[in-house]
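Note sheet for the following structure.
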Amino acid sequence: MDQRVKEHPVDPITVEVVRNAIVAYADEMADVLSKSAYNMMIYEVRDYCCGLLDTQGRMIAQNRGGLPIFLADLGVAVKDGIKRYGLDGFAAGDVVVMNHGTVCGQHLNNVVVYAPCFHAGELVGFAATRAHWVDIGGSRWGFSYNATSDVFAEGLQMRSLKVMQAGEPNETLMQILRDNIRSADAALGDLRAQTAACQIGAQRFGELVARYTRKGVADCVSLVWEQADKAVRQVVAAIPDGRYEAESFIDNDGFNLDRPLRVKVAVEISGACMTIDLSDMNPQVESSVNSGRSGGIACARVAFKALTSPDLDVNEGCFRALDVVLPEGTMLSARPPAALGQWSIIMPTVIDTILKALACAIPDRIPAAHKGDLGGCSFHGVDDNGAPFLLMNIFGGGWGGRPHGDGASASMSVCQGDVRNTPVELQEIKYPFIIERHALRPDSGGAGRFRGGLGVELTYRCLCRCRGNLGFDRTLTPPWGLAGGHDGVTAIGIIERADGTVERVLKATGLAFEPGDRITFLTAGGGGYGDPALRDPDLVRADIDNGLVTREAAERDYGVRCADAASASTDPPGALAAQ
Amino acid sequence: MNIVGVDIGGTFTDLVGYVNGELVTSKTSTTPADPTLAIARSLDIARCAPSELDEILHGSTIAINTVLERKGARTALITTEGFRDVYAIGRSNRIEAFNLFFERPRPLVDRALTFEIPERMKADGSVLVPVDERALERTIAAIDAAGCEAVAVCLVHAYANPAHEKLIGAILRRRRPDLFVTLSHEILREYREYERTSTTVLNAFVGPRVDGYLGRLEGYLGGADFTGQVRIMRSNGGVMSLRHAREQPVTMMESGPVAGMIGAGRLASLLGLPRAVGFDMGGTTAKSSLIADGVPAIETGYVIGDRATGQPMQLPVVDIVEIGAGGGSIAWIDAQGGLHVGPQSVGADPGPACYGKGAGLAVVTDADLLLGRINPARYLGGDIQIDPPAARSAMRRAIAEPLGLSMMEAARGIVRIADAAMSLSVRSVSVHRGVDPRDTALIAFGGAGPLHAMSIARELSISQVVVPKLPGAFSAYGMLMASWRQDFVQTLIGRIGELDATQVEAVFAELAEAGREQLRRDRQGAGTADFRFYADLRYAGQEHAISIPVEAPHQLAGDHGDLRIRFDREHARRYAQSAPDETMEIVSLRLVVTAARDDTLAERWLSEPFVAEGDASAGLRDVVFDDPDTPIPTPVLWRPALKPGMCISGPAVIEEANSTTLIHPGDEAVVTDAGHLVVKVAV
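Residue numbers (the UniProt record's numbering), protein chains in the order written: chain A, 1 to 579; chain B, 1 to 683.
Now the structure itself:
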């Protein structure tokens, strides 16, 4: 070991070594969590994050590849525990669980589990994970459940409770969990996976501290934060100063279907600082489409990160140049006991709107709007063998056209990164459904010089009685075009009953289905970018040949006639797509 | 027995062989237009007449390059009605989560060339809709009209019942014998329609080009009176017949980096090392793989190309973690003053600053040179003229001055960063499988591996490092030890304890028959073959499964107490927890068939007594180990002259033609009877 390095721990070399190590540790935690988790929200949806925090609850490092909306926000959960127990109130072998609505601001399914990390008897930090449990008790069941109006109906709240105390399990708490949660085996399995991940993180961080001393690691980490901050400020400084505003609407809160909800944002750039002002957001609502303050912060941070440091690892330093103005009482800063079950569903729209506000300031870095919802379906019931089932799937949709190219089709929302749809074959193996169609949705991408991406189309046929929830949005302000591009086509759910009746539904909770009923989910396309008349006619023709744009739409939107009857329009008659 | 292995890389074609009891090697430039020319030349240079050879083992990047360059056949895809877009939709995930301009995998087949056929299987393998043969006729006409050379067929639930794929395949092959037809169930019988489609398309896309190339190779060898066997390297660490490679070229996709790991596996067995990490550091990357009981770890599923936009391939691949840290990795400073090493590399041209070609970029090799760890006079056997002043000036200008460090501090720092990054990668391959790195030995090879291995080992508290003889050529040499191998998989989903014994027996029997059939087709004697079954198990509710060895159907369908213990233990080892009371579930049954090599020439070389030649001592040189300002006068030794049994106490530099081994102060190296170095690292 180089003596000089020991004496001056903040040399650039040690900083780089520590920088790489802390993220590798967080990634190792994520590997353990996702590989041994019991529910698809963790292993497919990646609805989790893992990280190392210091004794003030600040994020030292976070894993790569978790859900984008979890940005350096484990701190509030850990700080609550520090307040409760004091820094000397933790022992090696403690494991704390935390999902309190008021403190965490997210739906109760998001359970934070963390463990203190000791070196030579001294508390040096925490290893923490947050993961979405498939159930947490209460009346909510599956995605898109809109029927709660306060947080108490939404399940168990555990505020900084030690589920393990110095290695001894808290049997009382375990019993409460077992008796109050629907799929208790899965929840307890996830708790085990989270605990193991935290213990590994705590051990690794302890090893790092042993190697470079507590101060050495802290000095390196603060330099890593400073470097991230510097990089971010350079980007912000290049945006012209000014106050930029934009507005859009969420269709409704799922309760009052005729009452749109306002999403109004202002972005202020002043030198190297950005302020995102969410004061004019719609007030909190009666249903569960609310989040606590952390939801508003998450929206602002996702937009900010995408604009300023998409490639940097997530840590505290990435957000120092961002100020968020968010008074209490909005949909993104709801007062207790607001229901929080649908806490994240408005986020893609809020983020889209923040980006739109900046479109006039930095036009070549803002794409047109994307599909704008979280796009999931969920069915539950009891199959013919008497076994209860819960099917959940998440779909992609169209992303907006870009200043220099077409938008991506069938892609997860801005709030969902490496989230994967569930294979059709897997769904049919596990659940009583036949999936008749999984396809792109022609003509759904907004026309433009650069076309919006296409939504998807997915048809389920029920084989047994069940109930399902739908949660589509963004029809009042469809995925908008930019710079003269057209809007994308909005989402819709179409139910064809076995008796031939057809209903069109956007949001619904607990719809009853009978065998033979068909439900088709059509997700939105992205907005177009630029005047469609400027689109390269060869690209229009290629879109026609590939069946992404129909001849009629090509003529209508692009003024391109395709006389060549031989070009392959081999698209099967997508009866529903044509409606 | 005379055997040679020829590996065609992007730049060089390397040959290693064991001919008339002698080790032969040669290296020549790859000839992309007709790679057989380079093969002929490499045989010439090595003075090997094809007529005297019994076996040629061949690895090639042709399949993977065809994909990376997107220069494969015009390919059509046939799918089940309603599922035309499975391939374009993929899993809808965005790996680059915060990139508003993210890219996703670009299909290798246009939507216009993707055709739906009315037909449908259910998940249990029963028929929901029979094949519409008239629709198939129309599709064949459209494929003709589009001028396709290859067709991939991937139907929903074909893994459960391939009857419809077989029917469509038979019609296509009969009607259009010149089309290269790939049916998904012939490649893999595992659920997940997107990954299976992508794998099937990859095979079809590269098929005609690889088939043409291997045909030419066969023609050339036949013309040169070669009468032996040709074996093609595959990603799973085994080899297959030339005919099989022409049918399933997708299985040779990632064969390049695996040969060295096969060699490391054999060496681990010979030295009695139950757990080792193979570590291969070359010019651009460092590769690590866990080796348990002499076999490199296998992972199912891989992405061809980069992580965000590459093409998924759902087949077994030797699990190699590769990071951008090699001799040519560039040290650079970001806009905020942070120092980084790699992943960009200078490549062979312009090469490190010390090549004197004027790029002015400081790379790991320059740092090693300035620290006295590399001998400028003997670098790469003296073939390349080294220019130390150029390295010094690049180090100062690019790194030291901007950061306010001395030149030596900068050089030492670059090596520390690279070593730390490589140790994270070595650690990840072991902890990923629940193995504590301290319980492994590091087997280091590649041109730069032995130079960096001791610090990596120390970083991870690994107490033993093995440096095989000829570490620079070891990777290519590993190919000569590859066995015939074929992997089979069959989806079989159910809870352990509730499985139907007849069904389980049927799946075992079906896989075993497929294995025997493949042995027959590849003319492998069944007597030497080894059949191993694995059950992919998980706790009910989990997604990720772990492969656990099973011997017979009754372990799954009957008394499964022993399997239960094995699974719980493995789960606890990998994920630090287990749940012995919970229901266990099987997802797939796998079969790995291997056939041991008839000859053991290459393995014999690994263990045959080493005969030292020449004078070992080459003087003293100042080498920087830890303190950049205090170089240590270090003995320099010539490896070919080191006698078996010799002990070398660090510090020492052990040089040979294509590699340098650095023994740090406190470490002890011993030369084994076969000439390998076994280093005891002071941890």
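Cβ atoms here follow ideal geometry from the backbone N, Cα and C, with glycine treated the same way. For clarity, every value in this text was computed on a predicted model and none was experimentally measured.
For residue i, go through chain B and note every residue whose CB falls closer than 9 Å to its CB, in chain order.
i	result
residue 230 of chain A	335, 336, 337
residue 494 of chain A	Chain B residues near residue 494 of chain A: none, gap ~15 Å exceeds 9 Å.
Could you tell me the distance, in whole angstroms, from the CA atom of residue i to the CA atom of residue j?
i	j	result
residue 239 of chain A	residue 165 of chain B	56 Å
residue 201 of chain A	residue 128 of chain A	8 Å
residue 217 of chain B	residue 36 of chain B	6 Å
residue 47 of chain A	residue 472 of chain A	20 Å
residue 204 of chain A	residue 25 of chain A	7 Å
residue 108 of chain A	residue 295 of chain A	13 Å
residue 448 of chain B	residue 379 of chain B	11 Å
residue 33 of chain A	residue 504 of chain A	39 Å
residue 144 of chain A	residue 27 of chain A	30 Å
residue 4 of chain B	residue 309 of chain B	36 Å
residue 369 of chain A	residue 101 of chain B	12 Å
residue 17 of chain A	residue 556 of chain A	58 Å
residue 500 of chain B	residue 94 of chain B	40 Å
residue 138 of chain B	residue 14 of chain B	48 Å
residue 219 of chain A	residue 209 of chain A	12 Å
residue 578 of chain A	residue 508 of chain A	Reliability of the predicted coordinates at residue 578 of chain A is poor, the pLDDT of 36 falling under 50, and the value obtained from them is presented with this limitation in mind. Distance between the alpha carbons of residue 578 of chain A and residue 508 of chain A: 23 Å.
residue 529 of chain B	residue 621 of chain B	53 Å
Residues of chain A with CB under 9 Å from residue i, in chain order?
i	result
residue 554 of chain B	Neighbours of residue 554 of chain B on chain A: none; closest Cβ ~24 Å, over 9 Å.
residue 687 of chain B	Outside the shown range of chain B (1 to 683) lies residue 687 of chain B, about which nothing can therefore be said.
Apart from the five residues on each side of it in sequence, which residues of its chain come closer than 6 Å, Cβ to Cβ, to residue i?
i	result
residue 234 of chain B	240, 251, 252, 255
residue 457 of chain B	442, 465, 681
Just to make sure I have the definition right: I need the residues of chain A whose C-beta is within less than 8 Å of the C-beta of residue i. Which are they?
i	result
residue 431 of chain B	28
residue 688 of chain B	The question about residue 688 of chain B has no answer here: the residues shown for chain B are numbered 1 through 683.
residue 444 of chain B	Chain A residues near residue 444 of chain B: none, gap ~20 Å exceeds 8 Å.
Let me check you understand the geometry: is the CB of residue i closer than 6 Å to at least one non-hydrogen atom of the ligand PLP?
i	result
residue 262 of chain B	Ligands in the displayed structure: none, and consequently the ligand PLP is not present.
Quick check on this structure: which residue in the options has the alpha carbon closest to the alpha carbon of residue i?
i	options	result
residue 628 of chain B	B:94, B:258, B:415	B:415
residue 113 of chain B	B:148, B:198, B:517, B:425	B:148
residue 666 of chain B	B:650, B:643, B:672	B:650
residue 517 of chain B	B:542, B:487, B:504, B:497	B:487
residue 496 of chain B	B:121, B:554, B:469, B:370	B:554
residue 390 of chain B	B:383, B:403, B:402, B:376	B:376
residue 491 of chain B	A:174, A:425, A:315	A:425
residue 229 of chain B	B:10, B:55, B:266	B:55
residue 348 of chain B	B:334, B:338, B:600, B:365	B:365
residue 299 of chain A	A:272, A:288, A:266	A:266
residue 74 of chain A	A:91, A:110, A:86, A:39	A:110
Residues of chain B with a CB under 7 Å from the CB of residue i: which are they?
i	result
residue 545 of chain A	112
residue 17 of chain A	416, 417, 420
residue 20 of chain A	420, 421, 424
Once you ignore the five residues that flank residue i on each side, which residues in its own chain have a CB closer than 7 Å to its CB?
i	result
residue 160 of chain A	80, 81, 84, 96, 98
residue 285 of chain A	253, 261, 331
Please list, in chain order, the chain B residues whose beta carbon lies closer than 8 Å to that of residue i.
i	result
residue 189 of chain A	539, 541, 542, 579, 582
residue 39 of chain A	541
residue 438 of chain A	82, 83, 85, 86, 89
residue 548 of chain A	111
So residue i contacts chain A; which residues on that side make the cut at Cβ distance below 7 Å?
i	result
residue 340 of chain B	16
Who are the Cβ neighbours of residue i in its own chain at under 8 Å, not counting the five residues just before and after it?
i	result
residue 297 of chain B	289, 290, 291, 318, 319, 429, 433
residue 419 of chain B	452, 455, 456, 459
When you check each C-beta in the region 529 to 551 of chain B against every C-beta of chain A, which residues fall closer than 7 Å?
-> Correct list: 539, 541, 542, 543, 544.
Short-range partners of chain A found in the region 82 to 95 of chain B, where Cβ spacing is below 8 Å | For the region 82 to 95 of chain B, residues whose beta-carbon sits nearer than 8 Å to a beta-carbon of chain A comprise 82, 83, 84, 85, 86, 88, 89, 90, 91, 92, 93, 94, 95.
Under 9 Å (Cβ pairs) to chain A, residues found in the region 467 to 500 of chain B = 491, 493
Residues within the region 187 to 210 of chain B neighbouring chain A, beta-carbon criterion of under 7 Å = 191, 192, 193, 194
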